[in-house]
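Enquirer: One gets this note's numbering by counting positions in the sequence shown from 1 and adding 1 to each.
The beta-carbon is built from N, C-alpha and C at its ideal position, and this holds for glycine as well.
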Amino acid sequence: MDNKRSLWSRVWPPALVLGILIACWQAAVSFALVKDWMIPSPVEVVKAAFSSNVWPRLMEHTGATLGLTAIGFAGGTAAGFVLAALLHLLPGVRRGIYPLLILSQNVPIVILGPIMTMLFGYGLLPKALLVMLVCFFPVCIAMLGGLTGTDESLRNYMRMIGSGKWTLFWRLELPSALQSLFSGLKIAASYSVLSATFAEMLSPKMGLGGYMVLSTRGYMPERAFASAILIIMISLTLFGLIALVERAVIRWRPGKGEAGRHAGS
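(1) Leaving out five residues on either side along the sequence, give the residues of the same chain with a beta carbon under 8 Å from the beta carbon of Val-211.
(2) Check whether the Cβ atoms of Phe-121 and Ala-80 lie closer than 7 Å to each other.
(3) So, Gly-346 versus Val-140, is the Cβ gap smaller than 7 Å?
(4) Excluding five sequence neighbours on each side, which residues of the same chain lie with their C-beta closer than 7 Å to the C-beta of Ala-260?
(5) To the nearest angstrom, report how far apart Val-18 and Val-12 are at their CA atoms.
(6) Could you have a look at Lys-48 and say whether DSSP puts it in helix, strand or coil?
(7) Taking 8 Å as the threshold, find out whether the region 233–240 comes into contact with the region 181–196 through three or more Cβ pairs.
(8) With a floor of 4 residues, list each alpha helix (DSSP H) that falls wholly inside the region 95–142, ordered by position along the chain.
(9) Give the secondary structure of Met-207 by DSSP, where H, G and I count as helix, E and B as strand, and everything else as coil.
(10) Below 8 Å CB to CB, which residues in the same chain sit around Leu-169 once its five sequence neighbours on both sides are set aside?
(11) Buried or exposed, going by whether 16 or more other CB atoms sit within 10 Å of the CB of Met-60?
(12) Is Met-119 buried or exposed, if buried means 16 or more other CB atoms sit within 10 Å of its CB?
(13) Helix, strand or coil: which one does DSSP assign to Asn-54?
(14) Looking at the unbroken alpha helix (DSSP H) that takes in Ile-162, where does it start and where does it end?
(15) Quick check: the Cα distance between Leu-69 and Leu-242, rounded to an integer number of angstroms?
(16) Could you please give the first and the last residue of the uninterrupted alpha helix (DSSP H) stretch that includes Pro-41?
(17) Can you tell me the Cβ-Cβ gap for Leu-134 and Gly-77, rounded? I've got them flagged as a contact below 8 Å.
(18) Just checking my contact of Met-117 with Leu-104 at CB under 8 Å: how many whole Å lie between their CB atoms?
(19) Tell whether a beta-carbon distance below 7 Å holds between Thr-66 and Leu-215.
(20) Secondary structure at Leu-34, three-state DSSP: helix, strand or coil?
(21) Quick one: measure Cβ to Cβ for Ala-189 and Phe-74, integer angstroms, because I've assumed they're closer than 8 Å.
(22) Which residue from Ile-72, Phe-183, Ser-191, Phe-226 puts its Cα closest to that of Val-250?
(23) Let me know if Gly-150 comes out buried or exposed under the rule of 16 or more other beta-carbons within 10 Å of its beta-carbon.
(24) Answer with buried or exposed for Arg-224, where buried requires no fewer than 16 other C-beta atoms within 10 angstroms of its C-beta.
(25) How is Gly-265 classed by DSSP in three states: helix, strand or coil?
(26) Grouping DSSP H, G and I as helix and E and B as strand, with all else coil, what is Met-202?
Here it is in structure tokens:
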């Protein structure tokens, strides 16, 4: 019962605010405060989305966006995990690569997109590479911070009992870095949908990003808004799935009360 009350107390405030915003949106269109051909009402967006000639196309483009997001997220997070492990285990390599890694994030995605398209064409490869490049950085940096933040007393103890570098990594450092790793994964989950949508806009053939571009060019705002809502839903769903996996994997994290007792002792 307490868990249900706690869940409800977390859900209803944002749900209430969202409901108020949707009601204000509907009222602004209904009372002609904004032109409906520029900003359609929520009711019109829902009607258009579920119409017989739009819904199948929306689902087709949603499937394409989901596929691109999954490929980019999986590849980017795997690359971030491997690179973070290498930089942690090989300090010499870290000193050479880490500054370049930071420098690479100063290149905006709006510059990388056209370059990727110029080099690799308009197929799936440049889009997937763009999503991977966006996703690997937060995972790499978050995990690297978690690995270097391992309790030094525990590390010294394991060295005293004869643990080598790999044993330290698998038995101590990696488990200690899981919380940081999942923080990076949640950031990458949001970035993956954003970057996939942007990549699809570069060649508007398949995907919700491309469908939005075509809808706006054709002066069909209901379809563009429906695509935007689906993109937001995909991003929130992926973020929620990562959070659920985090709760299932990291069961040893102490609660607030336990943490407070340890801090006071």
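Expert: Working from what's here:
(1) Per the sequence shown, residue 211 should be read as Gly rather than Val. Once the five neighbours on either side are set aside, the close Cβ partners of Gly-211 are His-62, Glu-201, Met-202, Ser-204, Pro-205.
(2) no
(3) Lying before the first or after the last residue shown, residue 346 is absent from the chain, which here runs from 2 to 266.
(4) The predicted position of Ala-260 is uncertain, since its pLDDT is 38 and thus under 50; a value taken from the coordinates is nonetheless stated next. Around Ala-260: no qualifying Cβ.
(5) 11 Å
(6) helix
(7) yes
(8) 110–121
(9) coil
(10) Arg-156, Met-159, Arg-160
(11) exposed
(12) exposed
(13) coil
(14) Looking at the DSSP string, Ile-162 is not in any alpha helix (DSSP H), and its letter there is neither H nor E.
(15) 17 Å
(16) First-last for Pro-41: undefined, no H or E at that position.
(17) 7 Å
(18) The Cβ separation is near 18 Å, so there is no contact.
(19) no
(20) coil
(21) 6 Å
(22) Phe-183
(23) exposed
(24) buried
(25) Because the pLDDT of Gly-265 is 41, which lies under 50, any placement of that residue in the model is unreliable, and the number read from its coordinates should be weighed accordingly. Gly-265: helix per DSSP, three-state reduction.
(26) helix
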